[in-house]
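All remarks here apply to the structure that follows.
2 protein chains.
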Amino acid sequence: MWSNHIKYHWPMRTHQLVLQWIENQLSSGELALGGRLPAERMLAEQLQVSRTSVREAIRVLEAMGVVRAGVGSGPDAGTVVIADPTAALGSALRLHVATSHLPVADIVQTRVLLESWAVARARTDSPALAEAAGLMEKMEACHDTDEFLALDVRFHLALAEAAGNAVVSAMMGSLREAIQSYAGKLTANLPDWEATAARLRAEHREILAAINNHDGGRAAGLVAAHIEGYYKEAGLDPRDSDPARQ
Amino acid sequence: MWSNHIKYHWPMRTHQLVLQWIENQLSSGELALGGRLPAERMLAEQLQVSRTSVREAIRVLEAMGVVRAGVGSGPDAGTVVIADPTAALGSALRLHVATSHLPVADIVQTRVLLESWAVARARTDSPALAEAAGLMEKMEACHDTDEFLALDVRFHLALAEAAGNAVVSAMMGSLREAIQSYAGKLTANLPDWEATAARLRAEHREILAAINNHDGGRAAGLVAAHIEGYYKEAGLDPRDSDPARQ
DNA sequence: TACTTGATGTGGTTGGACCACATCCTCTAG
DNA sequence: CTAGAGGATGTGGTCCAACCACATCAAGTA
Numbered sequence: 160m161w162s163n164h165i166k167y168h169w170p171m172r173t174h175q176l177v178l179q180w181i182e183n184q185l186s187s188g189e190l191a192l193g194g195r196l197p198a199e200r201m202l203a204e205q206l207q208v209s210r211t212s213v214r215e216a217i218r219v220l221e222a223m224g225v226v227r228a229g230v231g232s233g234p235d236a237g238t239v240v241i242a243d244p245t246a247a248l249g250s251a252l253r254l255h256v257a258t259s260h261l262p263v264a265d266i267v268q269t270r271v272l273l274e275s276w277a278v279a280r281a282r283t284d285s286p287a288l289a290e291a292a293g294l295m296e297k298m299e300a301c302h303d304t305d306e307f308l309a310l311d312v313r314f315h316l317a318l319a320e321a322a323g324n325a326v327v328s329a330m331m332g333s334l335r336e337a338i339q340s341y342a343g344k345l346t347a348n349l350p351d352w353e354a355t356a357a358r359l360r361a362e363h364r365e366i367l368a369a370i371n372n373h374d375g376g377r378a379a380g381l382v383a384a385h386i387e388g389y390y391k392e393a394g395l396d397p398r399d400s401d402p403a404r405q
Numbered sequence: 160m161w162s163n164h165i166k167y168h169w170p171m172r173t174h175q176l177v178l179q180w181i182e183n184q185l186s187s188g189e190l191a192l193g194g195r196l197p198a199e200r201m202l203a204e205q206l207q208v209s210r211t212s213v214r215e216a217i218r219v220l221e222a223m224g225v226v227r228a229g230v231g232s233g234p235d236a237g238t239v240v241i242a243d244p245t246a247a248l249g250s251a252l253r254l255h256v257a258t259s260h261l262p263v264a265d266i267v268q269t270r271v272l273l274e275s276w277a278v279a280r281a282r283t284d285s286p287a288l289a290e291a292a293g294l295m296e297k298m299e300a301c302h303d304t305d306e307f308l309a310l311d312v313r314f315h316l317a318l319a320e321a322a323g324n325a326v327v328s329a330m331m332g333s334l335r336e337a338i339q340s341y342a343g344k345l346t347a348n349l350p351d352w353e354a355t356a357a358r359l360r361a362e363h364r365e366i367l368a369a370i371n372n373h374d375g376g377r378a379a380g381l382v383a384a385h386i387e388g389y390y391k392e393a394g395l396d397p398r399d400s401d402p403a404r405q
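If you read the sequences in order, they're chains A and B. Numbering (our numbering) for the first sequence: 160 to 405. Numbering (our numbering) for the second sequence: 160 to 405.
What follows is the structure, encoded as structure tokens:
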């Protein structure tokens, strides 16, 4: 019933007023993707608030992946509306993992849930699926660990996108980002990387084959085993919230 | 491989430096839940930055549901660490729905996915499940539409929590928040509210019965039908991003 | 014509000032 | 000795006036 961006009974903080104004502009369509906000000084004068408050609001929107601020002049300058839900969700999840309020095990479990669903619903004619196939090809010939892992991230994101649900895709990406450092550290625990990589490649082939075979149920099971197997082999310890901290 | 909060090659903005410092404090445990950040002026001097930059960082953390800022003196004053992942995810989703980048239909579909999974995994001895049962009892006797809807929100959140996955719970809550206004407007479209309410009550009973019967698969199917049925009856139109805007 | 050079406009950062508020401490009146 | 009034202190909230770095564009110059 309540909403954290609207305080009904006590005075709204100034930057929240700016936030609400911008959100209204977005909702009404007067501010669309790719559009530019008025300059900070102009917006401040227009709304009769200080530039400080405008900047605080913009900072929040930037953290939410809604705008991007660029200095100088020209096309890349000014504050423009973008759409990067993954950034917002990822940062938020990562911070809450840092406070030990969101267990890494729950994140992995959620990733399994979302990705299983996604591959079960993947459309075989999806461009994202074609991209996944291409990435898999690259991984066949790739023997550099870091590059392999980077390709692996993009492969799984492409799989998630193949279902055509933007929310699921964004959440998958954010989960990945939130445990990025964790997964990286886990890789160092693997006893034999080459053997693991070979297994991963084989499993990727099986997953794609199941999808192209229109066997969504089998694909989902394979993906779940693929992810859980990796974390299990690397020795996931849910109690440690962030092994990669400095 | 990239991360939006770490810019490797060009100078980091000052508020991001502050953000990183605070995140490190959180990760290392020096700053825990319920703990208080140094006063803005102190932190500014300590990190050798302006108070403005400190404030921008705190504003971001506040939007992420990581801290809460309170004026005055005493226990409620100062900037203290909280843990409200739902707020962050909810605001982010809502904003991106406003930009028409996240279709409402995808949000509903994701909600079905998460909630089905949650009830399938619900533990019958979970306190959240007991709470859900209590809420259902209240709804049996409730004939006020707004109150009924409020209870319904809490009922479904309790169901989601019964699976014991904090990430899934947070995401469920945020999805709810993001389409709150949308769902409210849809309710007005219903031809016969009393009839709908009666159906919802019956379905709630069936869902809880299936869970307590340890029939997770049936519970999941019932929940999916329950949610999809509601939106279908109210006439979900995925193209309209936010019917409740001013 | 080609290049230099300033004008312009953007966000980024800083220091200082003042406000409202809530608590705590001290001093005073009873 | 107690109870209350009133200031001291410290918190975030807000605003202002500068200055910087940067990128583009236009005018002036060789």
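C-beta: ideal position from N, C-alpha, C; glycine also.
Quiz prompt | Sequence ranges, alpha helix (DSSP H) only - wholly within the region 236-309 of chain A, length at least 4 | solution = 244-257, 263-280 and 286-300
Self-check item: Per-residue burial, methionine 331 of chain A [other beta carbons within 10 Å of its own, 16 or more giving buried]
Solution: buried
Quiz item: Does valine 326 of chain A get closer than 9 angstroms to chain B when you measure Cβ to Cβ?
Solution: yes
Quiz item: From B:Ile217, B:Ala379, B:Ser186 and B:Ala264, pick the residue whose C-alpha is nearest to that of alanine 198 of chain B; which is it?
Solution: B:Ile217
Exercise. From the DSSP output, in three-state form, read off glycine 229 of chain A for me.
Key: strand
Quiz prompt | Nearest residue (CA-CA) to leucine 316 of chain B, options B:Glu296, B:Lys297 and B:Leu288 | solution = B:Leu288
Self-check item: Minimum Cβ-Cβ distance from tryptophan 352 of chain B to chain A less than 9 angstroms
Solution: no
Quiz item: What does serine 209 of chain A touch in chain B if you count any residue whose Cβ is under 8 angstroms from its own?
Solution: Those within 8 angstroms of serine 209 of chain A in chain B number zero; the least Cβ separation is about 11 angstroms.
Exercise. Compute the Euclidean distance between the alpha carbons of proline 170 of chain A and methionine 295 of chain A, then round it to the nearest angstrom.
Key: 55 angstroms
Exercise. Consider the Cβ of isoleucine 370 of chain A: report whether some Cβ of chain B lies at a distance smaller than 9 angstroms.
Key: no
Practice problem: For alanine 198 of chain A, go through chain B and note every residue whose CB falls closer than 9 angstroms to its CB, in chain order. | Solution: Correct list: empty, because the minimum Cβ distance to chain B is about 18 angstroms.
Self-check item: Within chain B, the residues that arginine 282 of chain A reaches when beta carbons sit closer than 7 angstroms
Solution: Near arginine 282 of chain A there are no residues of chain B at all, since even the closest Cβ is about 14 angstroms away, more than 7 angstroms.
Self-check item: Residues sharing a beta bridge with arginine 195 of chain B, DSSP
Solution: B:Val239
Practice problem: Taking leucine 381 of chain A as the query, report the chain B residues whose CB atoms sit under 9 angstroms from its CB, ordered along the chain. | Solution: Those do not exist, as leucine 381 of chain A stays about 18 angstroms from chain B at its closest Cβ, beyond 9 angstroms.
Quiz item: Rounded to the nearest angstrom, how far is the Cβ of threonine 258 of chain A from that of valine 326 of chain B, given a contact under 8 angstroms?
Solution: Their Cβ separation, rounded to whole angstroms, is 14 angstroms, which puts threonine 258 of chain A and valine 326 of chain B out of contact at 8 angstroms.
Quiz item: What distance in whole Å lies between the Cβ atoms of leucine 192 of chain A and alanine 251 of chain B, which are believed to be in contact at a cut-off of 8 angstroms?
Solution: So it is not a contact: roughly 16 angstroms between Cβ atoms.
Quiz item: Going along the chain, which residues of the region 172-185 of chain B sit with their C-beta nearer than 7 angstroms to a C-beta in chain A?
Solution: His174, Glu182, Asn183 and Leu185
Quiz item: Hey, is arginine 218 of chain B's beta-carbon within less than 9 angstroms of any beta-carbon in chain A?
Solution: yes
Practice problem: Drop a sphere of 10 angstroms on the beta-carbon of tryptophan 161 of chain A, count the other beta-carbons inside from all chains shown, and report buried for 16 or more, exposed for fewer. | Solution: Any reading at tryptophan 161 of chain A needs caution, since the residue's pLDDT is 37, under 50, leaving its predicted position unreliable; the model's value is listed next. Classification of tryptophan 161 of chain A: exposed, given that the 10 Å Cβ count is below 16.
Quiz prompt | Per-residue burial, glutamine 175 of chain A [other beta carbons within 10 Å of its own, 16 or more giving buried] | solution = buried
Quiz item: If we cut at 9 angstroms on Cβ distances, does glutamate 215 of chain A have a partner in chain B?
Solution: yes
Exercise. Starting from the Cα of proline 350 of chain A, find the closest Cα among A:Tyr389, A:Val239, A:Ile181 and A:Gln205 and give me that residue.
Key: A:Tyr389
Quiz prompt | Cβ neighbour criterion (16 or more within 10 Å) applied to glutamate 215 of chain A | solution = buried
Quiz item: What residue from A:Phe314, A:Glu306, A:His255 and A:Val208 has the CA that sits closest to alanine 338 of chain A's CA?
Solution: With the sequence shown as reference, residue 338 of chain A is identified as isoleucine, and alanine is not the correct amino acid for it. Comparing Cα-Cα distances from isoleucine 338 of chain A to each of A:Phe314, A:Glu306, A:His255 and A:Val208, the minimum goes to A:His255.
Quiz item: With 16 as the cutoff for other CB atoms within 10 Å, does alanine 246 of chain B come out buried or exposed?
Solution: buried
Self-check item: Contact check, glutamate 387 of chain A vs valine 267 of chain A, beta carbons under 9 angstroms
Solution: yes
Quiz item: Taking Cβ-Cβ distances shorter than 7 angstroms, what residues in chain B pair up with aspartate 311 of chain A?
Solution: Within chain B, no residue comes near aspartate 311 of chain A; the closest Cβ sits about 11 angstroms away, beyond 7 angstroms.
Practice problem: Check the C-beta distance from valine 226 of chain B over to valine 239 of chain B and give it rounded, since I have them as a contact under 8 angstroms. | Solution: 7 angstroms
Self-check item: Endpoints, the alpha helix (DSSP H) within which alanine 321 of chain B is located
Solution: That residue, alanine 321 of chain B, is in no alpha helix (DSSP H); it is neither H nor E in DSSP.
Quiz item: Do we get a CB-CB distance below 9 angstroms when we pair histidine 315 of chain A with the residues of chain B?
Solution: no
Quiz item: Can you tell me whether DSSP reads methionine 223 of chain B as helix, strand or coil?
Solution: coil
Self-check item: Cβ separation of leucine 202 of chain A and glutamate 274 of chain A, assumed to be a contact under 8 angstroms, to the nearest whole Å
Solution: Their Cβ separation, rounded to whole angstroms, is 41 angstroms, which puts leucine 202 of chain A and glutamate 274 of chain A out of contact at 8 angstroms.
Practice problem: Check each candidate in B:Arg358, B:Asn348, B:Phe307 and B:Arg280 and name the one with the smallest Cα separation from serine 328 of chain B. | Solution: B:Arg280
Practice problem: For proline 262 of chain B, go through chain A and note every residue whose CB falls closer than 9 angstroms to its CB, in chain order. | Solution: Asn324, Ala325 and Val326
Exercise. Kindly indicate which three-state DSSP category asparagine 371 of chain A falls into: helix, strand or coil?
Key: helix
Practice problem: Find the residues of chain B that neighbour alanine 247 of chain A, judging by a C-beta separation of less than 7 angstroms, and give them in chain order. | Solution: Ala251
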